[in-house]
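**Student:** Have a look at this one.
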Amino acid sequence: MTSFTRRGFIASASTVLASSVVGLKPSFSQSNYPNRPITLICPWGAGGGTDATARIIGQVMEQKLGQPVNVVNRTGGNGVVGHAAIASAAPDGYTIGLLTVEIAMMHWQGMTDLTPRSYTPLTLMNVDAPAIQVKADSPYKTIKELADAIKAAPPGKLKASGTGQGGIWHLALVGWLQSLGLQSNHVAWVPSNGAAPGMQDLVAGGVDIVPCSLPEARPMIDAGRAKSLAILAPERNPQFPNVPTLDEQMGPHKSVGVWRGIAGPKGLPADIQDKLVAVLKEVYASKEYKEFMSGRGFGVKWAERAEFGQFMDESDRQMGEAMKAAGLAKA
Amino acid sequence: MNELIEALRLVLAPDVLIAILLSSIYGLVIGSLPGLSATMATALLVPVTFYLSPIAAVASIIAASAMAIFSGDIPGCLLRIPGTPASAAYTDEAYALTRKGQAEIALGAGLWFSALGGIAGTISLVVMAPALAELALNFSTFEYFWLAFLGLMCATLVARSSPVKAIASMLLGLFIACIGMENPGGVPRFTFGITELLGGIEPIPVLVGVFAVSEVIRAMVSPEPPPLPHRRFGSILAGQLHLTRKYWRQMTRGNLVGIIIGVLPGAGADMAAWVSYAMSKRFSKEPKKFGTGHPEGLVEAGASNNASLASGWVPSLLFGIPGDTITAIAIGVLYMKGLNPGPTLFTERASSMYALYIIFILANILMIPLGIVMIRVASSVLRAPRATVMPVILVCCAVGAFATGNNLFAVVLVATFGVVGYVMERNGYPVAAMVLGIVMGTMVEQSFVTSLIKSDGSLLPFFERPVSAVLAAMTIAALLWPVFIWSWKRIRPRHQEQAL
Amino acid sequence: MHLSDRITGSFVATLGVLAAYGGSRLPPVPGQDIGPSAFPILIGVGLILCGLLIAAGIGHSFEEEAEADLAVVEGPPEYASTKAPLTYRLRALLPPGLLLFYVVAVDRLGFVPTAAIMIFIASVAFGAKLRVALPLAALASVAIHLIFYKLLRVPLPAGLLPMPW
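Residue numbers (my numbering), protein chains in the order written: chain A, 13 to 343; chain B, 177 to 676; chain C, 26 to 190.
Structure, rendered in structure tokens:
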């Protein structure tokens with residue numbers, strides 16, 4: 013670090029263009045990071061829940077860093093394109109991205125070679141557990157009654173919906189069926205374009221069960237058309253205190269769930285990681301973020317760096333197991 | 177009554193009025209740029225709504241989306257570049273009017289009947305929201321299957337071409353919709369190992385390619401057309417009162433169809449415009465004039481298009497089920513601002529609900545003066561020489577397609593479909609039918625496969641359920657229609673028909 | 026590029042065969058009776074039928090009629106005659122070519138230079154004089170950048186010529 017002052021001076025006094033003419037890469041491992049706008053890649057389209065989360069994080073980061081944070085939706089390839097763009101960006105801290113649970117699923121299906129290990133994990137920002145919904149006038153009053161009914165019914169009699177084939181809530185159901193000692197297709201899966209159409213079909217009487225997150229089910233529950241029997245998480249959701257956990261009713265069960273976190277490309281320098289994690293911690297604690305997440309009903313959960321890496325590894329392992337069981341993973 | 181006064185107070189606040197005005201102008205400008213859609217205009221507004229009060233935030237979304245849908249007709253009419261899949265249904269009609277020197281009739285009809293349609297849709301929202309929501313909830317995949325099938329059949333009715341070629345184009349669109357893994361099985365199909373194709377081919381790059389780029393190609397190989405008859409760009413609204421009197425039946429029918437289709441989640445404005453345009457032609461006294469610059473179909477499709485936009489909010493507000501991509505974004509904003517969708521919104525937050533209704537009406541009224549200004553500005557493009565307009569359109573196509581997902585692959589798609597569209601058009605294959613196939617393809621397959629899973633493989637429920645049976649009968653009638661016409665023409669001597 | 030119905034019909038039918046064949050090789054999905062192969066096969070069969078009908082010239086009378094109706098209103102269609110020299114007809118490839126140039130060049134050159142080159146070439150090809158084409162290329166590319174980058178926040182690459190905003 014002998015050239016500290018000189019390089020620092022150049023980086024602060026020159027534009028990107030000038031420094032590339034001089035032949036020096038703009039130096040990044042300095043205290044003056046960031047000195048130009050940061051790009052936050054969102055692998056999903058504008059308008060969805062992931063996009064909204066990325067935008068609130070970007071907005072609060074911008075206030076704390078004093079540099080613009082531009083949220084860029086890189087869609088295509090069912091999330092592969094955006095996740096690949098995060099992994100292949102220059103590790104200079106000026107391009108980071110929002111990872112979603114799909115990164116732990118896609119490689120099992122042979123869609124990509126990217127895994128959670130292809131990134132520098134920064135922070136986990138959100139986790140949502142699945143809950144089991146049935147129609148409001150359904151005969152099943154508790155999750156135990158539903159489980160008994162499933163066991164008693166012939167395979168394929170009962171139907172469930174909430175995502176596409178092999179989607180996250182399909183895997184959550186498969187995991188639960190396995191813990192009951194049943195085949196993964198004991199309840200037939202009706203693929204849908206997301207949780208909202210699944211809930212609609214539940215109310216229309218097309219399917220019997222919809223496993224999805226509580227915020228996704230909330231409008232129909234509020235409308236008195238559906239009810240939630242249990243949440244597949246260790247603790248109750250403070251937004252929905254009346255929904256019991258599966259553990260309370262039937263004993264411990266580890267379920268897959270959706271999560272979102274911030275990561276950078278592999279090889280992000282340690283001092284930049286420090287800076288970003290510190291800022292993201294402020295974002296996580298900010299009033300704006302808390303209000304936004306509780307407004308949407310999204311669950312918040314914090315983990316940083318290696319801890320977040322372990323969390324993703326665990327999620328990856330669970331997904332692999334569930335997908336193999338459902339016959340969805342490529343051999 | 178107190179709630180109504182409270183609602184008026186909410187809406188008439190200066191910040192709300194300014195938000196409505198600014199987002200209206202914004203929506204008009206974005207919608208009129210070739211390659212940019214109403215959905216994008218709405219999505220780009222979301223970060224701005226963080227800073228607004230709840231009513232102002234929702235108001236800006238409502239105003240911007242209504243304006244963008246209307247102004248999406250402008251490039252379609254002036255340059256034959258539709259802004260949304262919805263306006264693809266009647267782009268050729270509007271463009272034919274422009275070439276006859278009557279752009280103001282076409283655009284005026286779009287503006288006037290969109291505004292009236294929007295107001296009719298709002299009234300349906302006010303009066304019948306719970307009843308309409310009930311209808312939407314009882315629509316299951318069996319009904320959706322027939323509805324999507326019926327939508328596809330419109331391709332043959334609308335096309336000014338051989339019905340066989342129209343069906344071939346539509347099947348081509350269905351085949352393109354098969355690409356990717358957005359299918360009930362979640363299996364990648366026809367991706368040839370290309371990552372970008374896993375998510376399938378989006379309608380927007382195809383639309384830009386087959387209409388805009390193929391138009392540039394066509395201009396490239398044809399001599400400069402003689403300048404349009406230079407007419408004073410007359411009063412945009414004067415002709416519309418006459419049209420309203422003449423075609424009030426078509427307008428009412430368009431409004432009704434739009435309201436019903438709009439309320440069904442997933443169907444939305446795209447299908448409403450197609451079905452209405454096809455119905456208009458089918459029931460018209462002068463079906464031969466369709467496609468040659470005849471305003472009748474524009475009246476009905478325009479009336480239907482914007483009516484569906486307003487009624488699309490019913491399932492969103494009552495159950496949080498998005499009617500289309502725009503309301504999907506709007507639901508996010510509602511949540512963020514504490515106006516959580518649900519029946520309680522109508523009872524406990526009644527003043528907020530009334531405020532939303534007032535904003536809908538206000539936006540549709542405001543659309544008329546702002547739209548007139550926009551039409552006048554945009555029409556100047558008709559007087560500019562081709563050598564300056566076409567190159568700029570080409571760059572807009574590239575940037576617009578890129579902007580849908582910030583992915584350069586979309587630009588490759590635009591170039592490919594430009595060539596495909598040009599070759600198809602030149603050989604009598606209607607490209608609009610292909611766009612319809614792409615838009616409806618996933619819905620047809622998804623509803624068919626999931627219905628069979630639910631019925632344990634039985635086809636009976638497709639015909640058994642009452643609504644399903646009616647839709648099935650309509651579909652089969654539409655299916656047999658071209659065959660019927662064809663044999664009818666064969667039997668009847670040709671000179672007799674010409675005498676009619 | 027006007028082709029006979031025989032040629033386009035056979036092309037549609039061939040595409041149908043490929044779709045049906047490609048579809049038939051897709052794996053079944055556990056729990057679904059109608060797997061992912063059913064629709065491509067169905068569409069393929071439909072395309073084959075349509076292709077054969079088109080090749081046989083069925084339905085062609087509709088086209089002639091529709092064209093005649095349109096001609097009454099608008100006069101004869103303004104397509105280049107098929108007799109035009111090949112070099113003239115090859116100009117059809119210029120617009121898609123320029124779009125592909127954009128894909129290849131935009132990340133290296135940056136948006137403004139790429140767009141300016143595209144507009145300049147296309148404008149000259151449409152017969153514009155240099156004193157029109159050059160200022161158009163310079164002004165329109167900067168204006169489009171301003172609208173999309175600044176107003177719509179589309180991340181257009183800066184490349185060799187970053188804009189001051």
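Using N, Cα and C, we set each Cβ at its ideal position, and we do this for glycine too. Since this is a predicted model, take the numbers as computed values, not measurements.
1) Quick check for students: name the residue ranges of the alpha helix (DSSP H) that lie wholly in the segment 569-648 of chain B, counting only runs of 4 or more.
2) List the residues that DSSP assigns as beta-bridge partners of residue 131 of chain A.
3) Using 10 angstroms around the beta-carbon of residue 74 of chain A, count the other beta-carbons present and answer buried if the total reaches 16, otherwise exposed.
4) Check whether the Cβ atoms of residue 142 of chain A and residue 224 of chain A sit closer than 8 angstroms, and answer yes or no.
5) Could you pull the DSSP bridge partners for residue 257 of chain B from this structure?
6) Let me know if residue 249 of chain A comes out buried or exposed under the rule of 16 or more other beta-carbons within 10 Å of its beta-carbon.
7) Let me see if you follow: with CB-CB separation under 8 angstroms, is residue 84 of chain A close to chain C or not?
8) Does any residue of chain B have a CB that is nearer than 8 angstroms to the CB of residue 105 of chain C?
9) Just mark residue 626 of chain B as buried or exposed, buried being the case when its beta carbon has 16 or more other beta carbons within 10 Å.
10) Would you decide whether residue 1 of chain A is buried or exposed? Buried here means 16 or more other CB atoms lie within 10 Å of its CB.
11) Among A/170, A/222, A/146, A/137, whose alpha-carbon lies nearest the alpha-carbon of residue 302 of chain A?
12) Identify the contact partners of residue 232 of chain A in chain B, using a Cβ-Cβ distance below 9 angstroms as the criterion.
13) Report the three-state DSSP secondary structure of residue 328 of chain A (helix, strand or coil).
14) So, does the CB of residue 272 of chain A fall closer than 8 angstroms to a CB anywhere in chain B?
15) Run the CB neighbour count on residue 376 of chain B, radius 10 Å, all protein chains shown included, and call it buried at 16 or more, exposed below.
16) Between which two residues does the alpha helix (DSSP H) carrying residue 481 of chain B extend?
17) Note down the Cα distance separating residue 170 of chain C from residue 136 of chain C, rounded to an integer number of angstroms.
18) Between the segment 182-196 of chain B and the segment 154-174 of chain A, do at least 3 Cβ pairs fall closer than 8 angstroms?
19) Does any CB atom of chain C fall closer than 8 angstroms to the CB of residue 180 of chain B?
20) Tell whether a beta-carbon distance below 8 angstroms holds between residue 52 of chain C and residue 590 of chain B.
21) Which bits of chain C does residue 366 of chain B rub up against, with CB to CB less than 7 angstroms?
22) Count the other C-beta atoms from every protein chain shown that fall within 10 angstroms of the C-beta of residue 644 of chain B, then say buried if there are 16 or more, exposed otherwise.
23) For the segment 163-184 of chain C, which residues have a CB atom closer than 8 angstroms to at least one CB atom of chain B, in sequence order?
24) Could you run through the segment 180-203 of chain A and flag, in chain order, every residue whose CB is less than 9 angstroms away from some CB of chain C?
25) Could you tell me whether any Cβ in chain A is nearer than 8 angstroms to the Cβ of residue 38 of chain C?
26) Who are the neighbours of residue 76 of chain C on chain B, taking C-beta pairs under 8 angstroms?
27) For residue 143 of chain A, report the span of its alpha helix (DSSP H) as first-last.
28) Got a sec, what are the start and stop residues for the alpha helix (DSSP H) residue 517 of chain B sits in?
29) Residue 271 of chain A bridges to which residues according to DSSP?
30) Taking 7 angstroms as the line, does the beta carbon of residue 315 of chain A fall inside it for any heavy atom of the ligand NAD?
31) Just to confirm, is the Cβ distance from residue 606 of chain B to residue 342 of chain B under 8 angstroms?
32) Could you give the uninterrupted runs of the alpha helix (DSSP H) lying entirely in the segment 49-83 of chain C, keeping only those of 4 residues or more?
33) List, in order along the chain, the chain A residues whose C-beta lies closer than 7 angstroms to that of residue 56 of chain C?
34) By how many angstroms is the C-alpha of residue 328 of chain A removed from the C-alpha of residue 41 of chain A?
35) Just the C-alpha distance for residue 89 of chain C and residue 637 of chain B, rounded to the nearest angstrom, thanks.
36) How many whole angstroms separate the CB atoms of residue 551 of chain B and residue 197 of chain B, which I take to be in contact at a CB cut-off of 8 angstroms?
**Tutor:** On the basis of the coordinates in this document:
1) Scanning the segment 569-648 of chain B from its first residue to its last, the whole alpha helix (DSSP H) runs of 4-plus residues come out as 585-602, 607-630, 637-640.
2) Taking the first residue of the first sequence as position 1, residue 131 of chain A is located at position 119. Bridge pairing for residue 131 of chain A: A/277 [DSSP].
3) Counting from one through the first sequence, the residue named residue 74 of chain A turns up at place 62. The C-beta of residue 74 of chain A has 16 or more other C-beta atoms within 10 Å across all chains shown, which makes the residue buried.
4) The residue labelled residue 142 of chain A in the question sits at position 130 within the first sequence. The residue labelled residue 224 of chain A in the question sits at position 212 within the first sequence. For residue 142 of chain A and residue 224 of chain A, yes; Cβs fall inside 8 angstroms.
5) The sequence position of residue 257 of chain B within the second sequence is 81, counting from 1. Beta-bridge analysis with DSSP links residue 257 of chain B to no other residue.
6) On the first sequence, residue 249 of chain A is found 237 positions in, with the first residue counted as 1. That one is buried.
7) Taking the first residue of the first sequence as 1, we reach residue 84 of chain A at position 72. True, the Cβ-Cβ gap to chain C drops below 8 angstroms.
8) Your numbering for residue 105 of chain C matches position 80 in the third sequence. Confidence at residue 105 of chain C is low in this model, with a pLDDT of 47, below 50, so its placement is unreliable and the value that follows should be read with caution. It does: the Cβ of residue 105 of chain C has a partner Cβ on chain B nearer than 8 angstroms.
9) Your numbering for residue 626 of chain B matches position 450 in the second sequence. By the neighbour-count rule (16 or more Cβ atoms within 10 Å), residue 626 of chain B is buried.
10) Nothing about residue 1 of chain A can be read from this structure; chain A reaches only from 13 to 343.
11) In the first sequence, counting from the first residue as 1, residue 302 of chain A sits at position 290. Of the candidates A/170, A/222, A/146, A/137, A/137 places its Cα closest to the Cα of residue 302 of chain A.
12) Taking the first residue of the first sequence as position 1, residue 232 of chain A is located at position 220. Near residue 232 of chain A (Cβ distances below 9 angstroms), the residues of chain B are 495, 496, 497, 518.
13) As a position in the first sequence, residue 328 of chain A is number 316, starting the count at 1. Residue state, collapsed to three classes: helix.
14) Indexing the first sequence from 1 puts residue 272 of chain A at position 260. Among the residues facing chain B, residue 272 of chain A is not included, as its CB has no counterpart in that chain under 8 angstroms away.
15) One-based indexing of the second sequence puts residue 376 of chain B at position 200. Per the 10 Å Cβ criterion, buried.
16) Residue mapping note: residue 481 of chain B aligns to position 305 of the second sequence, counting from 1. Looking at the DSSP string, the run of the alpha helix (DSSP H) that includes residue 481 of chain B is 471-487.
17) Counted from its first residue, the third sequence places residue 170 of chain C at position 145. Counted from its first residue, the third sequence places residue 136 of chain C at position 111. Rounded to the nearest angstrom, the two C-alpha atoms are 7 angstroms apart.
18) The segment 182-196 of chain B, when compared against the segment 154-174 of chain A, does not touch it at the 8 angstroms Cβ threshold.
19) The residue labelled residue 180 of chain B in the question sits at position 4 within the second sequence. No, its Cβ sits nowhere closer than 8 angstroms to a Cβ of chain C.
20) Locating residue 52 of chain C in the third sequence gives position 27, where the first residue counts as 1. Locating residue 590 of chain B in the second sequence gives position 414, where the first residue counts as 1. No; because the gap between Cβ atoms is not below 8 angstroms, this pair is not in contact.
21) Locating residue 366 of chain B in the second sequence gives position 190, where the first residue counts as 1. What residue 366 of chain B touches in chain C: 47.
22) Translated into positions along the second sequence, residue 644 of chain B becomes position 468. Buried.
23) Under the 8 angstroms Cβ criterion, the segment 163-184 of chain C contributes 165, 166, 169, 172, 173, 177, 178, 179, 180, 181.
24) Answer set for the segment 180-203 of chain A: 196, 197, 200, 201, 203.
25) By one-based count along the third sequence, residue 38 of chain C stands at place 13. No, residue 38 of chain C does not count as interfacial toward chain A.
26) In the third sequence, counting from the first residue as 1, residue 76 of chain C sits at position 51. Those within 8 angstroms of residue 76 of chain C in chain B are 344.
27) Locating residue 143 of chain A in the first sequence gives position 131, counting from the first residue. First-last for residue 143 of chain A: 142-147, but that is the beta strand (DSSP E), not the alpha helix (DSSP H).
28) Against the second sequence, residue 517 of chain B aligns to sequence position 341. Residue 517 of chain B -> no alpha helix (DSSP H), and no H or E assigned at all.
29) As a first step, residue 271 of chain A is located in the first sequence; it is residue number 259 there, counting from the start. As DSSP reads the structure, residue 271 of chain A sits in a beta bridge with A/139.
30) Summarising the ligand content, the structure contains no ligands, and the ligand NAD is consequently not present.
31) Along the second sequence, read from residue 1 onward, the residue named residue 606 of chain B stands at position 430. Along the second sequence, read from residue 1 onward, the residue named residue 342 of chain B stands at position 166. Contact flag set, yes.
32) Look at the segment 49-83 of chain C and you find these whole runs of alpha helix (DSSP H), each 4 residues long or longer: 63-80.
33) As a position in the third sequence, residue 56 of chain C is number 31, starting the count at 1. Simply 197, 200, 201.
34) Along the first sequence, read from residue 1 onward, the residue named residue 41 of chain A stands at position 29. Along the first sequence, read from residue 1 onward, the residue named residue 328 of chain A stands at position 316. Residue placement at residue 41 of chain A is poorly supported in this model, since its pLDDT is 45, which falls under 50; the coordinates are not used for a value here.
35) Numbered from 1 along the third sequence, position 64 holds the residue referred to as residue 89 of chain C. Numbered from 1 along the second sequence, position 461 holds the residue referred to as residue 637 of chain B. Between residue 89 of chain C and residue 637 of chain B, the C-alpha separation is close to 43 angstroms.
36) The residue you call residue 551 of chain B lines up with position 375 of the second sequence. The residue you call residue 197 of chain B lines up with position 21 of the second sequence. At roughly 18 angstroms, the Cβ-Cβ gap does not stay under 8 angstroms, so residue 551 of chain B and residue 197 of chain B are not in contact.
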